[in-house]
Amino acid sequence: EAQVTQNPRYLITVTGKKLTVTCSQNMNHEYMSWYRQDPGLGLRQIYYSMNVEVTDKGDVPEGYKVSRKEKRNFPLILESPSPNQTSLYFCASSLQHSGANVLTFGAGSRLTVL
Amino acid sequence: KNQVEQSPQSLIILEGKNCTLQCNYTVSPFSNLRWYKQDTGRGPVSLTIMTFSENTKSNGRYTATLDADTKQSSLHITASQLSDSASYICVVSARMDSSYKLIFGSGTRLLVRP
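Protein sequence lines, in the order shown, are assigned to chains P and H.
Using the numbering used here, you'd call the opening residue of the first sequence number 233 and step up by one each time.
Using the numbering used here, you'd call the opening residue of the second sequence number 193 and step up by one each time.
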């Protein structure tokens with residue numbers, strides 16, 4: 233089944249403890265992206281990747297890092313999480329980043345930072 | 193400033209009734225507009241995508257309209273079912289140099305009651 237898989241789905245952590253949220257897609261998509269979703273706000277882009285080894289900042293990149301060493305994986309790294317990073321995170325991918333390509337989203341990762 | 197505004201924020205209807213969700217945008221230059229359905233605890237799933245020249249597009253009981261002159265779109269749901277309970281997100285794509293920028297609305301939360 234074509235899908236985007238995120239792990240973990242739920243995580244509670246403490247301030248300053250590094251964590252990684254993994255994202256993997258099996259559709260050979262070139263474009264991958266991370267979003268966060270907070271109540272009352274639309275999805276906001278954190279980082280995106282047009283292809284392997286090509287990553288760029290989105291609208292809210294502060295406090296996050298990413299890497300794209302292989303096509304299928306795009307992990308999101310929080311080096312020193314803070315409470316304001318408590319949110320629902322979505323990874324998404326598309327064949328290419330064009331006007332017509334539709335994003336396929338993962339199921340989401342709910343992160344709580346105490 | 194590129195913005196996407198959705199109304200109402202939330203809506204409750206009885207099963208079998210119709211409803212219409214609104215999306216107004218101030219995005220330029222416009223590339224396309226998409227409607228996504230997001231079930232609770234899941235990632236958004238694409239319902240329709242419309243380009244500048246398309247006025248109406250249907251996907252089963254979902255019909256999206258686009259008025260590019262007034263920069264408004266609507267999503268009409270016919271004969272609602274309990275499974276239509278979800279958040280509906282309007283996403284507008286803006287052409288930026290050689291790339292695209294997606295601007296997300298904050299969504300309309302629909303609850304269909306028996």
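Every residue, glycine too, gets a C-beta built ideally from N, C-alpha and C.
Tyr242 (chain P) classed as buried or exposed, judged by whether at least 16 other C-beta atoms fall within 10 angstroms: Position 10 of the first sequence, counted from the start, is the residue given in the question as residue 242 (chain P). So Tyr242 (chain P) counts as exposed.
Of all the CB atoms in chain P, is at least one closer than 8 Å to the CB of Phe244 (chain H)? Sequence index remark: in the second sequence, residue 244 (chain H) carries index 52 (1-based). Cβ-Cβ to chain P under 8 Å: no for Phe244 (chain H).
Beta-carbon proximity list for Asp288 (chain P), same chain, < 8 Å, skipping 5 on both sides: The count along the first sequence starts at 1 and reaches residue 288 (chain P) at position 56. Around Asp288 (chain P): Tyr279, Tyr280, Ser281, Met282.
Express the C-alpha separation of Trp227 (chain H) and Leu251 (chain P) in angstroms, rounding to a whole number. Mapped onto the first sequence, residue 251 (chain P) falls at position 19. Mapped onto the second sequence, residue 227 (chain H) falls at position 35. Distance between the alpha carbons of Leu251 (chain P) and Trp227 (chain H) is about 32 Å.
Which bits of chain P does Asn247 (chain H) rub up against, with CB to CB less than 8 Å? Looking up residue 247 (chain H) in the second sequence gives position 55. Ordered by position in chain P, no residue passes the 8 Å Cβ test against Asn247 (chain H), which lies about 18 Å from the chain.
Check Ser312 (chain P) in the structure and name its three-state DSSP category. Position 80 of the first sequence, counted from the first residue, corresponds to residue 312 (chain P). If DSSP states are grouped into helix, strand and coil, Ser312 (chain P) belongs with coil.
Own chain, CB closer than 7 Å to Glu207 (chain H), minus 5 neighbours either side, in chain order: Here residue 207 (chain H) refers to the residue found at position 15 when the second sequence is read from its first residue. Hits under 7 Å: Ser272, Gln273, Leu274, Val304, Arg305, Pro306.
I want to see whether chain H comes within less than 8 Å of Val253 (chain P), judged by CB atoms only; does it? Here residue 253 (chain P) refers to the residue found at position 21 of the first sequence. Chain H contact via Cβ: absent.
Closer than 8 Å is the cut-off here; do at least three beta carbon pairs connect the stretch 194-202 of chain H with the stretch 298-309 of chain P? no
Give the residues of chain H in contact with Ala339 (chain P), contact being defined as C-beta atoms less than 9 Å apart. On the first sequence, residue 339 (chain P) is found 107 positions in, with the first residue counted as 1. Correct list: Gly233, Arg234, Gly235.
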